[in-house]
Every structure is written in structure tokens, then in C-alpha cells.
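Asks: Numbering-wise (the working numbering), the sequence shown opens with residue 592 and increments by one.
Cβ atoms here follow ideal geometry from the backbone N, Cα and C, with glycine treated the same way.
As the structure is a prediction and not an experimental result, all values here were calculated from the model.
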Amino acid sequence: MTVGNIRNPIFWIASLFLSLCWLLPNKSDPWRGFHSEFLAAISTSVLAILVLIEGRSKLNIEGFQYLILLLLPIPFVHFYFGMVPFSGIAWTSSAYILAFFLALLIGGEWGERNLMQLGDCIFSAVLIAAIVSVGLQMQQWLGTGQDAALDVWISSQANGRPSANMGQPNHLATLLLWAIIAAWWWKWRGFIGPRILVAVTFFLSFGLVLTRSRSGILGFGVLIVLLCVWPPLQKAWSTKREARACALKMFFAFCFSFFAAKAMADCLALSTMPSLSDRMASDSRPIVWRMFLHALWERPWFGFGWNSTFSAQLAEAEKYPEFKVAFFYSHYLFLDIFLWIGVPLGVAIVLLFMKWLLTMLRNAESPFQAMGISMTLVIGIHAMVEYPLYYAYFLLPLGIVMGAVNSVILKNKTVSYAIKIERKFVIIALALGVGWLFLIAKDYLSVEEMSLSLQLEDSGIREVGSSRLSDVRMLNQFKELYDFRKLKPQEGMSPESIRRAEEILKLSPSPRNFVILAQIYALNNRSAAAKSTLLKMCKIIPKDQCEIASKKWEIFQQANPILKNIDWSVGK
592 MTVGNIRNPI
602 FWIASLFLSL
612 CWLLPNKSDP
622 WRGFHSEFLA
632 AISTSVLAIL
642 VLIEGRSKLN
652 IEGFQYLILL
662 LLPIPFVHFY
672 FGMVPFSGIA
682 WTSSAYILAF
692 FLALLIGGEW
702 GERNLMQLGD
712 CIFSAVLIAA
722 IVSVGLQMQQ
732 WLGTGQDAAL
742 DVWISSQANG
752 RPSANMGQPN
762 HLATLLLWAI
772 IAAWWWKWRG
782 FIGPRILVAV
792 TFFLSFGLVL
802 TRSRSGILGF
812 GVLIVLLCVW
822 PPLQKAWSTK
832 REARACALKM
842 FFAFCFSFFA
852 AKAMADCLAL
862 STMPSLSDRM
872 ASDSRPIVWR
882 MFLHALWERP
892 WFGFGWNSTF
902 SAQLAEAEKY
912 PEFKVAFFYS
922 HYLFLDIFLW
932 IGVPLGVAIV
942 LLFMKWLLTM
952 LRNAESPFQA
962 MGISMTLVIG
972 IHAMVEYPLY
982 YAYFLLPLGI
992 VMGAVNSVIL
1002 KNKTVSYAIK
1012 IERKFVIIAL
1022 ALGVGWLFLI
1032 AKDYLSVEEM
1042 SLSLQLEDSG
1052 IREVGSSRLS
1062 DVRMLNQFKE
1072 LYDFRKLKPQ
1082 EGMSPESIRR
1092 AEEILKLSPS
1102 PRNFVILAQI
1112 YALNNRSAAA
1122 KSTLLKMCKI
1132 IPKDQCEIAS
1142 KKWEIFQQAN
1152 PILKNIDWSV
1162 GK
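Following this line, the structure appears as C-alpha cells:
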């Protein structure tokens, strides 16, 4: 493949900003990935506008896009029937679905019009972000630059598994695997030669080793196998033999990186990296999945509601060991789907997705198609043990690539079920989506400011005055959470007030909210529910927080005789 001409610098500026979404260091509560996700959404919106300006008068909706369109109204349906307690959850959930649908649609149009430009933009963003991330990751690991000017731009958390500014080792591992695929792309495009490809692969492999990510290592193995046996992917090299030689070099680069990292850690007395065997032995996921399957057995038809995985944990917490953590996701994508929308619809969606994926695998012909499918497989492996697709900085680039693969492959099929839609309607949908995005951002900035103020109040630094969340509309769950802080448990509370307290706990399962709900139950003649809430609390929150909550409960018992009927303390 020869080097193509690079035109329209705005595409590359947007691509550069897209790479920054993986590099931003600020990860703060209550929405830790907001700033990175917002930047990803803005960058892909700019790319979408450029594609639509230069695009055709009609765009196709086909294949996988139908499935995502089917999901769009579900969060609001769940809110209407009370399965989702706050409209803000429905707004944000549907925003993600709409964004993914538009990414698929724009990717399809972009792929049919200028596939090389699409690949150059997406893969350059991925590769730049990954190379910089490994540099930041090594600085974390080596402990260099602390207290230096650069340190403000680097996340400080490493815990033996440095993850640069991604904040999560498995997320960085997936980015690095995407970057290896991006390096293949640039080799196929003729921008880099075999030696540079080997050097880049070694550098990225070293970063992958530092993450100690099991899903990352499995994904790395899948890439090697695909490169050895899959003809469409091998077309990026002159011969199949050359492709297999590259796969062998990848394997040796990873092995060398593994032993080099261990030797450096021993020589420099660096923090001990946890072994994969130790992490396998301590993995609680099988028990967690069993708990969620049991919860699903209790509510198989319609599930617990969109984005309501924690509701399932709360329902089963007393029957299972102490996990000491609240699970807002099951760490298994398909299980989350079943928990959210029920088994019948969930199975249909999973089967349709698998059918689409098999269709893509069988009909892929070009290196781009193979690389796009490889990206999907890599993050799919990650999604089977965690939740990377719930972050816009993975979801939207993947949507663009999947849309392009979907469109290019289905274009060559004799039977097409595409629906043509006028470009103006797509522009209207994109404009609504961008407006939606800015309304969410406006609300979140107020929420973030209030969250910081509450942290200062809890630390005794200053008191928070009147709420500044009165204008929050799209993220009303955070406003409800703030208002709940002012609630005083008392006798004679209405069923609606009690139900609202239960919904707040599902939104924010903090020790304080557990104790308040238990007080509300006890003061309103629901002693069994009060004790059950306290028992569940100590199954879900860390042990030290449980002990503190137990002492506070004893103080509340002394102040209110009704609470003395609740026979509970840590260990009972």
C-alpha cells in the first residue's frame, strides 16, 4: 500500500483532540470519566460534521445499526414504568446509545466515501495516545518526575500496575492493543517500515506487561493468532510468510518485555508487580457472576432496569460473601444486558450481535476490515470481564470503525436491507445530540462544583450554603442525592418518601445512606427491613467503614429508643 495524500487539516486537528481523551489526568467524583468522555464526544462530533459536509445526500441505516436504534427508547420506557428511578439516568443512558448510533452511521458514510482518511484519523489518534501513555506509565513505574512540573499531568495512582492517565490498567491494555493494530495500519499504508513496526510493537508490549492485564494478554494472544491464520489481515503484508514472521516477532517482543520488566523491577527495587497467578487465585468474578445469575433468576422477564446492576446486588447481598464493594456493572457485558432488560430481549440482542459479528468475519476481505474487526474482538474480550464500552472514549471510536466495516462489507452483499435516510435528518439528529451533550455538560459542571464543596464541608473546612443545583435538569439524580443529605429520618414518613430513600441508596450506596435508610425503616415499623439493610451494608462497603457505621448506629440507638429494637452490630 502506498502512502496517500493528507488533506483537510481539520480532520487531523480533531484526531489530535481525540487522542487527548485518553491522556487527560483529571479523574474526579462523582463522574470520574466525564472530562475525557466529553472530549471524545466533541472530537467525534467535529469529525461527524466534516463527514456530513462532504458526504452524500442520503445515508444508509443497515445491519448492526438497526440493533442500536432498537435500544434507544428503552431507558425512557424503564423510567416510565418506574424501573429507572430518575429521569437523569434515562437521559444520560439514551445519550450514550444515540451517540453510538450516530458514530455507526457516520462511520458507515465515511468508510464508503474515504476509507483511507477514516483509518488515518482514528489510528493516528490511537497510536499517539498509546505511545504517550506508555511514557507516562514508565514515569509512574520508575517514580521519576515526582514533585516536578510534569507530575501535575500524570495520575499518581499506580498500585503496582501503572496505567498512565487511564486510571485503570485494563483500559490502558486495551488502548495498547488498539495501538498495535494502528501500527499495522501505518505499516500497510507505507508510513513505517518493518523495523519501526518491531520497535513500536516492543514499546507497546512493554507497556502491556506493566499493566499486568489478563484481558490484555488474552487479547494480545488473539491478535497473534489472527495474524497467523486470517488471510484478510495477512494482506497488510507482502506475503503470508511475512505476516507470520511479524506475529512471531510480536510474541518474542512480549516475552522479552516480560522478563525485562521483572529484571528492572528487581535491580531498581521498584514496587512489586502482582503476579498473574496471584491475581487469578484472588479473582472474585465467578462468585459475583453467580450472585447476579441468581438475581436474574428472580427477575428474568424484564430485568432490573437500564443501568441498574447494583439493584441486583442489593437484592442478593445477604446470601453471598462480603465483596466489600458496590458493583454498578457485572463485569460481563452480556450479563449486564440481561440484568438491565431481561432474558428474552437480552438473548435476542446478543444473538443478533453474534450473527452480525460472524457475518463480518466471514465476509471480510481487506486489511481495514480485518483490523476493524480485530479492534472489536479485542475490546469484546475486555468487555467480558469489565465494562470498557460504558466509556465514550472507547465507545465512539469503536462505533466509527464498526460502522465503516459494517457498511463496506454489506455494500458487497447481493441482498441488502438498508434504509436510506436524508442527510438533513442525520444533521438534525447530530445537532440535537450535540445540544443534548452540552446540556449534560452544563449540569455536570454545577454538580462537580457542589461535589467539591460537599467534600470541603465533610472535612470541616467550610460549610456549604444553599444548593447551587436548582437549575440542574438533565442530571437530576445528583440534585436528588444532594437533597437527601438534608433529610432527617422520622416517624410517619410517607411510602413515597421511603421509596425515594431506597432509590437514593441504589444510586449512591454510601455508609451514610445505608444508615439513614435503616433509620427510616426502623422509625416506620419496618424493623426487619432495617436490620437487613444494615447487614447488606457490611457485605458491600469496606470493613473499616462498616465498623464506623456500627459505632454511629450505637449512638443513634442511645438517642432514640425505637432503634434499640434493631439487634445489630458488626459480626452479628
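1. Roughly how many angstroms lie between the CA atoms of residue 605 and residue 697, to the nearest whole one?
2. Restricting to Cα atoms, I'd like to know which of 1110, 638, 627 is closest to residue 991.
3. My output table needs one value for residue 650: the three-state DSSP class, helix, strand or coil.
4. Can you tell me which of the three DSSP states residue 1157 falls into?
5. Considering only their Cβ atoms, is the gap separating residue 974 from residue 817 smaller than 9 Å?
6. For residue 1046, does the count of other Cβ atoms within 10 angstroms reach 16, so buried, or fall short, so exposed?
7. Please say whether residue 700 and residue 756 have beta carbons closer to each other than 9 Å?
8. Could you pull the start and end residues of the beta strand (DSSP E) that residue 1012 belongs to?
9. Return the residue from the list 1115, 889, 993, 822 that minimises the CA-CA distance to residue 971.
10. Ignoring anything shorter than 3 residues, give me the beta strand (DSSP E) runs that lie fully in the stretch 898 to 929, in order along the chain.
11. Between residue 601 and the rest of its own chain, which residues show a CB-CB distance below 7 Å, the 5 nearest in sequence each way excluded?
12. Given 8 Å as the limit, is there contact between the stretch 652 to 660 and the stretch 885 to 893, that is, 3 or more CB pairs closer than that?
13. Near residue 876, what residues of its chain come up, given a Cβ to Cβ distance below 7 Å and the 5 sequence neighbours on each side ignored?
14. Does DSSP put residue 1064 in a helix, a strand or coil?
15. Measuring CA to CA, which of 1096, 1081, 1082 is closest to residue 1071?
16. When burial is assigned at 16 or more other CB atoms within 10 Å of the CB, is residue 682 buried or exposed?
17. When you compare the stretch 665 to 678 with the stretch 1012 to 1019, are there three or more beta-carbon pairs, one atom per stretch, that lie closer than 8 Å?
18. Would you say residue 880 and residue 932 are within 9 Å of each other, going by their C-beta atoms?
19. Quick check: residue 900 and residue 857, are their CB atoms within less than 9 Å of each other?
20. Write down every uninterrupted run of the beta strand (DSSP E) in the stretch 717 to 796 whose length is 3 residues or greater and which is fully enclosed by it, in chain order.
21. Spatial neighbours of residue 1027 within its chain, please: CB distance less than 6 Å, with the 5 preceding and 5 following residues excluded, ordered by chain position.
22. Beta-carbon within less than 6 Å of residue 798's beta-carbon, same chain only, minus the 5 sequence neighbours each way: which residues are those?
23. Whole angstroms are fine: how far does the CA of residue 956 sit from the CA of residue 592?
24. Report the rounded CA-to-CA distance for residue 1069 versus residue 621, giving the unit in angstroms.
25. Which of the three DSSP states is assigned to residue 976 in this structure?
26. On the criterion of 16 or more Cβ atoms from any shown chain inside 10 Å, does residue 609 qualify as buried, or is it exposed?
27. Any idea what DSSP makes of residue 859, helix, strand or coil?
28. Among residues of its own chain, excluding the 5 on either side of residue 1134, which ones have a beta-carbon nearer than 7 Å to its beta-carbon?
29. Counting along the chain, where does the alpha helix (DSSP H) carrying residue 1084 start and finish?
30. Count Cβ pairs between the stretch 903 to 915 and the stretch 1125 to 1143 that sit closer than 8 Å; are there 3 or more?
31. How would you label residue 1164, buried or exposed, when you count the other beta carbons within 10 angstroms and need 16 or more for buried?
32. Count the other CB atoms, across all protein chains shown, that sit within 10 Å of the CB of residue 781; report buried if there are 16 or more and exposed otherwise.
33. Run through DSSP, which three-state label would residue 988 get?
34. State the DSSP-derived secondary structure class of residue 618, mapped to helix, strand or coil.
Replies: If we stick to the structure as given:
1. 15 Å
2. 638
3. strand
4. coil
5. no
6. exposed
7. no
8. 1010 to 1013
9. 993
10. none
11. 641
12. no
13. 922, 976
14. coil
15. 1096
16. buried
17. no
18. no
19. no
20. none
21. 686
22. 725, 728, 767
23. Confidence in residue 592 is poor, its pLDDT being 48 and thus under 50, which makes the residue's placement unreliable; the coordinate value appears in the next sentence. Whole-angstrom Cα-Cα distance: 15 Å.
24. 9 Å
25. coil
26. buried
27. coil
28. 915
29. No alpha helix (DSSP H) holds residue 1084; DSSP gives it neither H nor E.
30. yes
31. Examination of residue 1164 is not possible in this model, given that the chain is present from 592 through 1163 alone.
32. exposed
33. helix
34. coil
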